[in-house]
Each structure stands twice: as structure tokens, then as C-alpha cells.
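Asker:
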Amino acid sequence: MRRFLLASALAGLACGPWGPQGILAGGPLLGSAEPTLDARACADEVSTVAVETRSGWLSHSVSVLCIESGGRLYLPARRGSEKRWVRNALERRSVRLEMDGRIFAGEASRVTDPAESAEVARRFVEKYIGLEAPDARWLLDPPARGDDRFDVWLLRIDPPESA
Amino acid sequence: MRRRLLIGIGALVGLGTAAAAWVRLGAGGPVQPFPGGWLRGDLQAEAPADWDFAAAEAYLDVESRAGLLPYSATVWFQVHEGRIHLLLPSLFGDGLQRRLERDPRIRVRVDGRIWELEAVRVEGDEVLGALVGPMMRRQLAIDLGREVTRLPATQRPAGVDMWVYRLESRRET
Numbered sequence: 005m006r007r008f009l010l011a012s013a014l015a016g017l018a019c020g021p022w023g024p025q026g027i028l029a030g031g032p033l034l035g036s037a038e039p040t041l042d043a044r045a046c047a048d049e050v051s052t053v054a055v056e057t058r059s060g061w062l063s064h065s066v067s068v069l070c071i072e073s074g075g076r077l078y079l080p081a082r083r084g085s086e087k088r089w090v091r092n093a094l095e096r097r098s099v100r101l102e103m104d105g106r107i108f109a110g111e112a113s114r115v116t117d118p119a120e121s122a123e124v125a126r127r128f129v130e131k132y133i134g135l136e137a138p139d140a141r142w143l144l145d146p147p148a149r150g151d152d153r154f155d156v157w158l159l160r161i162d163p164p165e166s167a
Numbered sequence: 049m050r051r052r053l054l055i056g057i058g059a060l061v062g063l064g065t066a067a068a069a070w071v072r073l074g075a076g077g078p079v080q081p082f083p084g085g086w087l088r089g090d091l092q093a094e095a096p097a098d099w100d101f102a103a104a105e106a107y108l109d110v111e112s113r114a115g116l117l118p119y120s121a122t123v124w125f126q127v128h129e130g131r132i133h134l135l136l137p138s139l140f141g142d143g144l145q146r147r148l149e150r151d152p153r154i155r156v157r158v159d160g161r162i163w164e165l166e167a168v169r170v171e172g173d174e175v176l177g178a179l180v181g182p183m184m185r186r187q188l189a190i191d192l193g194r195e196v197t198r199l200p201a202t203q204r205p206a207g208v209d210m211w212v213y214r215l216e217s218r219r220e221t
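Taken in sequence, the protein lines are chains U and H.
Going from the first sequence to this note's numbering is simple: count from 1 and add 4.
Going from the second sequence to this note's numbering is simple: count from 1 and add 48.
(1) Is it a yes or a no for the stretch 127-147 of chain U touching the stretch 183-203 of chain H, going by three-plus beta-carbon pairs under 8 Å?
(2) Name the one or two DSSP bridge partners that residue 81(U) has.
(3) Is the Cβ-Cβ distance between residue 177(H) and residue 194(H) less than 8 Å?
(4) Give me the subset of the stretch 127-159 of chain H whose CB atoms are less than 8 Å from a CB atom of chain U, sorted by chain position.
(5) Between which two residues does the alpha helix (DSSP H) holding residue 146(H) run?
(6) With a cut-off of 8 Å, do at least 3 Cβ pairs link the stretch 43-50 of chain U to the stretch 100-114 of chain U?
(7) Under the assumption that residue 32(U) contacts residue 49(U) (Cβ atoms under 8 Å), give the Cβ distance between them as a whole number of angstroms.
(8) Just list the residues that DSSP pairs residue 66(U) with in beta bridges.
(9) Which partner residues does residue 103(U) have in the DSSP bridge list?
(10) Does any residue of chain U have a CB that is nearer than 8 Å to the CB of residue 100(H)?
(11) Ordered along the chain, which non-local residues of its own chain (more than five positions away) have a Cβ less than 8 Å from that of residue 19(U)?
(12) Quick one: give me the first and last residue of the beta strand (DSSP E) that residue 135(H) is part of.
(13) Sorted by chain position, which residues of the same chain lie with C-beta nearer than 6 Å to residue 166(H)'s C-beta, five sequence neighbours on each side aside?
(14) Who are the Cβ neighbours of residue 144(U) in its own chain at under 8 Å, not counting the five residues just before and after it?
(15) To the nearest angstrom, how far is it from the Cα of residue 15(U) to the Cα of residue 66(H)?
(16) Between which two residues does the beta strand (DSSP E) containing residue 166(H) stretch?
(17) In this structure, how does DSSP classify residue 133(U) when only helix, strand and coil are distinguished?
(18) Any beta-carbon of chain H closer than 8 Å to the one on residue 153(U)?
(19) So, under 8 Å CB-CB, residue 153(U) and residue 186(H) are touching, yes? Tell me the CB distance rounded to an integer number of Å.
(20) Ordered along the chain, which non-local residues of its own chain (more than five positions away) have a Cβ less than 7 Å from that of residue 89(U)?
(21) Beta-carbon of residue 183(H) versus every beta-carbon of chain U: anything under 8 Å?
(22) Could you tell me which chain H residues have their CB closer than 9 Å to the CB of residue 142(U), listed as they occur along the chain?
(23) Could you confirm whether any beta carbon from chain H is found closer than 8 Å to the beta carbon of residue 48(U)?
(24) Just reading off the alpha helix (DSSP H) that residue 59(H) is part of, what are its end residues?
(25) Between the beta-carbon of residue 112(H) and the beta-carbon of residue 77(H), is there less than 8 Å?
(26) Please list the partners that residue 209(H) has in chain U, where partner means a Cβ-to-Cβ separation under 7 Å.
(27) Let me make sure I understand the geometry here. Which of 72(U), 59(U), 148(U) has the alpha-carbon closest to that of residue 41(U)?
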């Protein structure tokens, strides 16, 4: 009985409010941020990163995909206009990230430049789909009425000092 | 106090386990984003010659019985030249792909009706753009352009792939 209850408690800890647990959102990321944002921490082997945003005094963290392109870090968000973390990130700009076991601080901004997003699209397709598509581009304008594609937002995370 | 807390945590874990068991076995199919068990629906005697009608669906529910338990998932797919093609990016795991490699028999459900088919792996790049392009555009708002090729395994991150299967009637294979 004691072992069962202990195992239950440990299992409950895994669902606690300290960072996202898989698809489940979490609270604050534990740890201090490194002094410099290293976009290369989002290597090809790193499938997801945790991003923590704040709204008021509440911290909210989720697991998201990440792309490093040209030394910069990008986070795509499907249905971006509906996502709480995207809203928080663009309102307050400051975010914290956990990549490859390391914590970083950064400032979020939304990417709309077609040339910039095209290169990110090519890197995304290589990293996550294993395909080469030299003409790939990200469609970041809102879908027109009748277009069934999802509305994807692309966020760039810059070092805090570049704001 | 500690005893009550531990009992409460144990009860929550028990409820969670029961819910997971229901999702995995008793829900009649996948409960997004989790895989499920048997697909519930009306088993059809014969597969249609043309699957264009299935293109109206956004996703496809499929079931494999390759393992000890039936395994069902909601997957990306594309109807190309009248045939269903499953598009399985490794991004979502390889559970279904591993099962299809073991046993290519598969069940698909469209609009409450179930058909028993067989999955045939599609390897070449010739139709990759036609198959993957529309799905990438819809799901991720990425326009792949005209030229799409599969990266050699040595140039892809470890484990990354896009598995493509064409579904055929079982009597044809």
C-alpha cells in the first residue's frame, strides 16, 4: 500500500506546475537563464523546446517546435492568433526557453517578411520532414475565406539586448 | 494529513489510468491526440474503386492489428489518382509505421464506414510533391514549391522521415 501511494505521489509530481509535460502545458521553467541566447541549442536533434511566457503574475509554458536559421531562433505556432503563449509573448516580448537542458531568455517578435520566412520554411522542412524543397515558403498572411489551410504564425526569438 | 494527501493523489492517478484505458481500448477509435484501440463502425464488404469521396475528410482514422492490441490513430492523408495515401511524418512518432512494416493490413474509417485494406510503402520522389505538398500547405501553411526530394538518410536528422503508404484492396496484393 505504501509503495502504491508513493508511486502515485511520484506520478503526480510529473504532472506538477514546473514546465510543460509533453502536450500538457506547465508553469514556470526552473533554473536561471544563461547570459547569452544560443540559437544553436535548437539543433536538428532537438525536436521541441519549452517556452515560458507570462501574463500578469502567471507563468505559462508549452512545448513547441523550433528552427535555427542563420543563427537565429524561430518558433512556429499553428492557429497563432488563438494561442495563449503567442499572445503573451507578443504582448510582453520577454520569454524564457528551455532548449537541450539549458535555459535562455529572449525577446519575441512576429515574422512577416517573406524572404526571411522562406529560409525558415526550408530549414523546417529539412529538419522535421526530411525533405529538400528549395522553393519552399511560409504562407504567413491570414488564409482567405474558403482556404482550408491553418493560420500559422512565426515568431523570432532574439537576445534580450537587441530590443 | 499526509495520508489523506497520498490517498487523494492515488485516487487521481487511478482515475487517470482508467481514463487512459478507456481511450486506448474502449473509445471506438483514437481520441486526439492519443491512439486508440478498435475502430467502431460498419464494416464494408468491398472497397470502392475510387476514393475521391474521402478527400472531404480532414484526417483519416486507421487501425492496425499488428501488435497484441489493436492500435488506431488519426493521420494525415491525401487522395491521389483515386487512391488513399497515408502521410506519416516521424514528427508524430513511428507507432503506426512500425506496425505497418510488421503487418501491412489496415482498416480505415470514413464517415462511420470501415474498409479493410493493405498498405504499400511508396518510396520514390516522383509523386512526393503531389502527395506531401497539399498536406504541408494545409497543416503547416508551407508551400513546398515544385521541386521536392527526399534527403538522403545521412543528411537527415536521426530518425526523421516522411513515410508514405498507398492503400490497396487486400485482394489486389
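Virtual Cβ for every residue (Gly too), placed ideally from N, Cα, C.
Answerer: Looking at the coordinates:
(1) yes
(2) 157(U)
(3) yes
(4) Residues 137, 138, 139.
(5) 143-150
(6) By the Cβ test, the stretch 43-50 of chain U is in contact with the stretch 100-114 of chain U, since at least three Cβ pairs between them sit closer than 8 Å.
(7) Contact flag wrong, Cβ pair sits at about 26 Å.
(8) 55(U)
(9) 106(U)
(10) no
(11) At residue 19(U), the pLDDT of 46 sits below 50, so the modelled position is not reliable; the number obtained from the coordinates is stated separately. So the qualifying residues of the chain are 25, 28.
(12) 131-137
(13) 152, 153, 216, 218, 221
(14) 115, 116, 118, 121, 156, 157, 158
(15) Here residue 15(U) scores only 48 on pLDDT, less than 50, and its place in the model should not be relied on; the value that follows carries that caveat. C-alpha separation (whole angstroms): 15 Å.
(16) 161-169
(17) helix
(18) It does: the Cβ of residue 153(U) has a partner Cβ on chain H nearer than 8 Å.
(19) 5 Å
(20) 55, 57, 64, 66
(21) no
(22) Residues of chain H passing the Cβ test: 188, 189, 190, 191.
(23) yes
(24) 50-69
(25) no
(26) Within 7 Å of the CB of residue 209(H), the CB atoms of chain U belong to 134, in sequence order along the chain.
(27) 72(U)
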